[in-house]
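Participant:
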Amino acid sequence: MSATEIIAFLFKLINFGALAGLFIYLFQRKVKDRIKTKIKEKEVFWQNLQTNKQALIDQQHKLRIEIACQKDYGNALLQKIVLWHKASSLQEQAFIEEAKINAQKVYERTRTFHEKKEERELLQQIVPLAIDEARKTLEDRFAQEKNAEKYMANIFRYLKKSSS
């Protein structure tokens, strides 16, 4: 190797070192802080993602528990509805039976009322006929006696009182 080659090699080495030094200097001055900032931002981003992921997992767990509670509550309400339906059916049946009994009582009262009314109407028709018939019979029987009118008046008064 000749001296020029060695000097050229040394200058190449010095140029390379200077370029490398300049590159390192620029890298540390300008790019290194930006890269560190970007790395910190990415770390914070990943930490936030992990925190959000854990929060979502916790929320999902709470929602599953809430869904299970709501399902149990819904089943309890459904059982209450079934029980209420049975109770209302029984109450409705009891109401229908009571209505039938009341209708039967009304029918019996109405029938009794009409029977008594017919009986009163018959008595109102028959009693005057019977009194007239009794009067004629008594007049014929007591026609010869003196006190016949007095007895007859007492009998008629008694019959009128008892018929009213």
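So for the sequence shown, this note's numbering puts the first residue at -10; every next one is plus one.
The beta carbon of each residue, even a glycine, is placed where N, CA and C say it ideally should be.
Model, not experiment: these values are computed from the prediction.
Am I right that residue 115 and residue 148 are in contact with their C-beta atoms under 8 Å? What's the rounded C-beta distance?
Facilitator: Counted from its first residue, the sequence shown places residue 115 at position 126. Counted from its first residue, the sequence shown places residue 148 at position 159. Not really, about 12 Å apart at Cβ, beyond 8 Å.
Participant: Would you kindly work out how many angstroms separate the C-alpha atoms of residue 99 and residue 105, rounded to a whole number?
Facilitator: Within the sequence shown, the letter at position 110 stands for residue 99. Within the sequence shown, the letter at position 116 stands for residue 105. Those two C-alpha atoms are separated by around 10 Å.
Participant: Expressed to the nearest angstrom, what Euclidean distance is found between the alpha-carbon atoms of residue 42 and residue 82?
Facilitator: For this step, residue 42 is matched to residue 53 along the sequence shown. For this step, residue 82 is matched to residue 93 along the sequence shown. Their Cα atoms are separated by approximately 59 Å.
Participant: With H, G and I counted as helix, E and B as strand and the rest as coil, what does DSSP make of residue -10?
Facilitator: The residue given as residue -10 occupies position 1 in the sequence shown. If DSSP states are grouped into helix, strand and coil, residue -10 belongs with coil.
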